[in-house]
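The sequence shown maps to residues 1080 to 1374 in the numbering used here.
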Amino acid sequence: MPQFFLNKRLIILLISIIVLVALVGFSLRDRENASWPEQFVKDVVGFGENIVAKPTSFISGVVGGVVDLKNTYTENQHLKERLEELAQLESEVADLKKENKDLKESLDITDSIRDYDPLNASVISRNPTNWNDQIEIDKGSSDGVKPDMAVTTPSGLIGKVTTTGAKSATVELLTSSDVKNRVSAKVQGEENAFGIINGYDSDTKLLELKQLPYDMKFKKGQKVVTSGLGGKFPAGIFIGTIEKVETDKMGLSQTAFIKPGADMYDLNHVTVLKRSAEAGTKADDTTSSDATGGQ
């Protein structure tokens, strides 16, 4: 009798193994529908996951909401501080403008190289083959646009007008490969330094500010603006910030590499600047070679 039970257990074990192997093989086949044991297991596991996942998701959402609320509060406080600083700055600027106006009137000065009349325009075309060189805008000579006028975006200078039609104009960008496209610029600091924007590195996407004094020190982040000394562009138009500075091979001057303030790649709306104080001479500053011979 014990032998019979032993054999019976062995037979049951073998049958179980065969059934298990068959089920495994069946489950490994490519099928559109799962078997009822698989469906049962999936339903049980899915039910358990839902029980665990929903509270976990709720708690995670609450914690995330608290963190976001804290970040929003911090950002709000920072923005309030900036607004207070902006209000103070606007007040100071208003006072300085009034003081400047009074001084001009006392000295009988009517024009300044900083003054200009803005004209808004839209970009209507841009050739993919010279993407970094030129854009076409929808304002021309009938709107008062003339060659050599500065063109900007709210973020900074992008180039100058080269040719005009009655209702359109071509703008040559600062990133142009034309070696004659030069801008007289100034590095702002405790002591201003003057040079010429003349060149663009397409690999680093940086402008080259050349002919800076060899004995002056510059640091990353210093702002570069138009000097207005070229006779065409208004003074004080933001160009970009210094990324690095190198001394030339002869050691006679320095070249600063400038990160443009404006996004030269994505241009849609621009502003043409008509300088109020015109230069006394009509020399074409783009071909000049002296330190103030840019626009």
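We put the beta carbon where it would ideally sit given N, CA and C, even for glycine. For clarity, every value in this text was computed on a predicted model and none was experimentally measured.
Exposed or buried, residue i, counting other C-beta atoms within 10 Å across all chains shown (16 or more means buried)?
i, result
"A1245", "exposed"
"L1148", "exposed"
"N1206", "exposed"
"T1326", "exposed"
"D1369", "Because D1369 carries a pLDDT of 39, less than 50, the predicted location of this residue cannot be relied on, and the following value inherits that uncertainty. D1369 comes out exposed."
"G1274", "buried"
"E1139", "Note that residue 1139 corresponds to Ser in the displayed sequence, not to Glu. Per the 10 Å Cβ criterion, exposed."
"M1329", "exposed"
"G1300", "exposed"
"N1179", "exposed"
"N1260", "buried"
"V1224", "buried"
"T1153", "exposed"
"T1354", "According to the sequence as given, residue 1354 is Arg; it is not Thr. Label assigned to R1354: buried."
"I1096", "exposed"
"I1130", "exposed"
"I1090", "exposed"
Just the C-alpha distance for residue i and residue j, rounded to the nearest angstrom, thanks.
i, j, result
"I1316", "F1137", "52 Å"
"P1197", "S1185", "27 Å"
"I1321", "K1239", "21 Å"
"V1266", "H1157", "29 Å"
"E1269", "D1342", "28 Å"
"N1150", "L1162", "18 Å"
"D1174", "L1168", "10 Å"
"N1209", "D1294", "38 Å"
"L1093", "A1101", "12 Å"
"G1278", "T1305", "15 Å"
"K1311", "K1284", "25 Å"
"K1302", "T1135", "50 Å"
"V1146", "K1159", "20 Å"
"I1318", "D1257", "18 Å"
"D1280", "L1346", "19 Å"
"R1088", "L1099", "16 Å"
"L1165", "V1172", "10 Å"
"I1337", "A1229", "18 Å"
"S1201", "T1243", "15 Å"
"N1155", "V1141", "21 Å"
"K1177", "S1220", "34 Å"
"D1222", "D1181", "32 Å"
"D1282", "Y1344", "14 Å"
Less than 8 Å between the C-beta atoms of residue i and residue j, yes or no?
i, j, result
"V1253", "I1214", "It is Leu, not Val, that sits at residue 1253 in the sequence shown. Not a contact, by the Cβ cut-off of 8 Å."
"S1255", "N1211", "yes"
"V1324", "F1297", "yes"
"L1308", "Y1195", "no"
"S1234", "G1143", "no"
"I1237", "V1349", "yes"
"T1249", "T1241", "yes"
"S1247", "D1227", "no"
"A1314", "P1292", "no"
**Q.** Three or more C-beta pairs below 8 Å linking the region 1325 to 1339 and the region 1282 to 1295
**A.** Judged by Cβ distances under 8 Å, the region 1325 to 1339 makes contact with the region 1282 to 1295, as three or more pairs qualify.
Q: May I have a chain-ordered list of the beta strand (DSSP E) segments no shorter than 3 residues that lie completely inside the region 1247 to 1327?
A: Every beta strand (DSSP E) of 3 residues or more that sits fully in the region 1247 to 1327 is shown, in chain order, as 1248 to 1252, 1262 to 1266, 1272 to 1280, 1285 to 1292, 1302 to 1305 and 1317 to 1326.
**Q.** Within the region 1172 to 1239, ranges of the beta strand (DSSP E) (whole runs, at least 3 residues)
**A.** List check, beta strand (DSSP E) in window: 1195 to 1204, 1213 to 1216 and 1229 to 1232.
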